[in-house]
Amino acid sequence: MPHGGDLVAEILRKHGVTQVFGQPGGQTAAFYQGLSNRKDMSHLGCRDERSAAYAADAYARVSGKPGIVDVTVGPGTTKLPDGLIESMNASVPIVAIVGELPRSWVPLRDGGVGSQGFDQMPFLQTMTKQSWLAPDLETVPDLVRAAFRTATTGKPGPTAVVIPHDVLDEEWDEKDLEVEERFNSAPAYRSRPSDDELRTTAALIAKAERPYIIAGGGVLGSRATAELAEFATLIGAAVATSFTGKGSVTETESYSVGVLNPLGSQAARELAGEADLIIWLGSKVGQNTSLNWALPKPEQMTIQVDVDGSQLGRTFGPSVGLLGDVKATVEALIPLVEAKSVPQWQSRIAESKLAAWASTEPLRLSDASPVMPPRAMTELAKHLRPHDIVVSDASFSAGWISNYLKNPVPGRNFLFARGQGGLGYSTPASMGAAKARPEARVVTVSGDGGFSYSVGELATQAAHGMNIVHVVLNNGTWGWLRMWEHLHYEGLRYSVDLESEKASTSYAAAAAGLGMQGILVTSPDELASAFDKAFSTEGPTVVEIRIDPDATPIDSYTRRLASGKFYPRPGTVYQARPWQQSAGRK
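Using my numbering, the first residue of the sequence shown is number 345, and each one after it goes up by one.
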């Protein structure tokens, strides 16, 4: 007889779900039986619920459909925050199916009297757009429908449906499974500003001589890459992206200036300061894409487009704030804007890009050992195909990727964990990316610190024969934190080293022990053959590269380390600047 687990599996299937990520638990076994009864659905069992949440996040980013993660009650739920908060802050649609103790156990839930029990709802509500507890089997279809609707409308994000053990095990009569297919992907609706607002925006653009577009993750989430390219060409704009927006434009185009971030492109930072109009598309204008609140300058005109009205004017007052989906808004704006000729600005863009790239040549061609990361990235770039997917871990890895791996085609080909910026994203996220686009080769780039978070998932990847190449930049330390301590705390070096005279770690050897190929690189002349071998092998591979521990993609760190000076403690100088209104607002 079908049961509640079948009901949940079937309504997910009706919503177009073919892939689920999770870890089994006794309270959710009925759901697993429901999945096994549906041959067009697949489940990837992970070794840690954190990994499952990250995998679901990556799957959603690449596919455009809500990522599905399941966990059991208690210790399964408490491992969700890393992934769900990443998805929440990065506007990624997720539906979490969460187990719960039987309903009659509520008086015994707290304090561990009922095994694994605690009050899950307040906990989940802090990291989701909305969470629901199913009171009975009859309510489950409505709650799952609500979860998809909420995850894919407005600002996309994670939702959770908590289902008690006895509800999942209850017999189901196979009724009430209609769904609205609109909510099977995001964005479910596309809003746009009024005609008057669009005309005002077009008039502001007409005044600009040095327009500059910052494409955030909302461009890719809205699938607005074609509209962005047409718009940028029409107005003669330079186009930078945030980390999560990388892929919004083809980075070989003349107008592309790279990633705007302290870890990103020198040209992007330089030109942002020279622009007279900055247009933020689908970006919340956070600390990084404002260069630690240095942008916009008081004299710069600004336009901000976002589907979430609460982001408009949050960190500064835009000259024009437009509430709407990026694709629909830019599409409606294009007919109202006259083509602009800004030859001096175009020349300046080309000049800045050329100078910035030339300045990196010594690093890109370095024969030094340990290896300089730009040399490793330069060799890696030669092995990437246009539609392969690169997954970045947090910290310096994001900088090396953003500067040295160029996006050859528009689309979600680069994944960055910038919702929270937490380490440990790349390895589990690569599994979600591989499931979303199985024809692609997936490549991760991480430091040894970030990679060590989820080494166990290598065994998962080996068992499933996933075509993933892991590039581990091993400097034996928490690189960013080591430099942070040294620069700002009078040369401190405390608890930041991951290796010692007693022991060093070989991730290549660990990979071999977990069922995959492991390759160790200690000098630049080994890079080409290592990548040749990795990319010609079916299944996963780890390429561990011993890198210079003093290498950093942050230009200011390089200068400061070379100076030999110490600097004020960051907490004494890092202050959000006062809110201000941009120029040009009527």
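Glycine included, C-beta positions come from ideal geometry on N, C-alpha and C.
Check, Outcome
"Identified DSSP bridge partners for R781", "Looking at the DSSP assignment, R781 forms no beta bridge with any residue, so it has no partner."
"Three or more C-beta pairs below 8 angstroms linking the segment 584-592 and the segment 756-763", "yes"
"Beta carbon of Y987 nearer than 9 angstroms to that of L831", "Outside the shown range of the chain (345 to 930) lies residue 987, about which nothing can therefore be said."
"Inter-residue spacing [alpha-carbon to alpha-carbon] between G800 and A402", "18 angstroms"
"For V352: DSSP bridge partner residues", "According to DSSP, V352 bridges with nothing at all."
"Rounded distance between the beta-carbons of V664 and T545, thought under 8 angstroms", "5 angstroms"
"Where W701 sits in the DSSP three-state scheme", "helix"
"E643 versus F660, D510, L871, K628, residue with shortest Cα-Cα distance", "F660"
"Complete runs of the alpha helix (DSSP H) confined to the segment 378-419 [at least 4 residues]", "393-407"
"Same chain, Cβ closer than 6 angstroms to T503, five either side skipped, listed in chain order", "V439, T472, K473, Q474, A491, T494, A495"
"Contacts around V484, its chain only, beta-carbon distance under 8 angstroms, and the 5 residues preceding and following it disregarded", "G348, L351, V352, I355, A478, V505, I507, V511"
"T499, buried or exposed, once every other Cβ within 10 Å from all chains shown has been counted against 16", "For clarity, residue 499 is Lys in the given sequence; the question names Thr instead. Answer is buried; the Cβ neighbour count reaches 16."
"Candidates D463, Y838, L379, R526, of which the one nearest L825 by Cα", "Y838"
"Delimiting residues of the alpha helix (DSSP H) encompassing I745", "740-748"
"Contact between the segment 733-745 and the segment 786-799 (3+ Cβ pairs under 8 angstroms)", "yes"
"A303 versus V629: straight-line alpha-carbon distance, rounded", "Summary: the structure shown does not reach residue 303, with the chain confined to residues 345 through 930, and so no result is reported for it."
"Close Cβ partners of S529 (< 6 angstroms) along its chain, the five nearest in sequence each way excluded", "G408, K409"
"Cβ-based neighbour list, H727, same chain, cut-off 7 angstroms, excluding 5 preceding and 5 following", "F875, F879"
"Boundaries (first-last residue) of the beta strand (DSSP E) holding F365", "363-366"
"Environment of D520 [buried if 16+ CB atoms lie within 10 Å]", "exposed"
"Sequence-distant residues of the same chain with beta carbon closer than 8 angstroms to G591, five excluded per side", "L564, T569, T585, N751, P754, G755, R756, N757, F758"
"Buried versus exposed call for K671 [16 or more other C-beta atoms within 10 Å across all chains shown]", "buried"
"CB contact flag (F740, T896, <9 angstroms)", "yes"
"Given 8 angstroms, three or more beta-carbon pairs between the segment 839-858 and the segment 678-696", "no"
"N433 classed as buried or exposed, judged by whether at least 16 other C-beta atoms fall within 10 angstroms", "buried"
"Counted within 10 angstroms of its Cβ, other Cβ atoms place Q697 as buried (16 or more) or exposed", "It is Lys, not Gln, that sits at residue 697 in the sequence shown. By the neighbour-count rule (16 or more Cβ atoms within 10 Å), K697 is buried."
"Short Cβ contact (9 angstroms threshold) for V601 with A582", "yes"
"Delimiting residues of the alpha helix (DSSP H) encompassing M645", "First-last for M645: 645-650, but that is the beta strand (DSSP E), not the alpha helix (DSSP H)."
"Endpoints, the beta strand (DSSP E) within which A803 is located", "Run containing A803: none in the beta strand (DSSP E); it sits in the alpha helix (DSSP H), 801-808."
"Exposure of P466, with buried meaning 16 or more beta-carbon neighbours within 10 Å", "exposed"
"For T704 and D384, the rounded distance between their alpha carbons", "49 angstroms"
"Cα-Cα separation between K423 and Q924, rounded to whole angstroms", "39 angstroms"
"Supposed contact pair L607 and S746 - C-beta distance, whole angstroms, cut 8 angstroms", "7 angstroms"
"Under 9 angstroms between C-beta atoms of S770 and H814", "yes"
"Sequence-distant residues of its chain with Cβ nearer than 7 angstroms to K358 (five each side left out)", "L521, V523"
"Among S796, W476, A397, R447, the one whose alpha carbon lies nearest that of P425", "A397"
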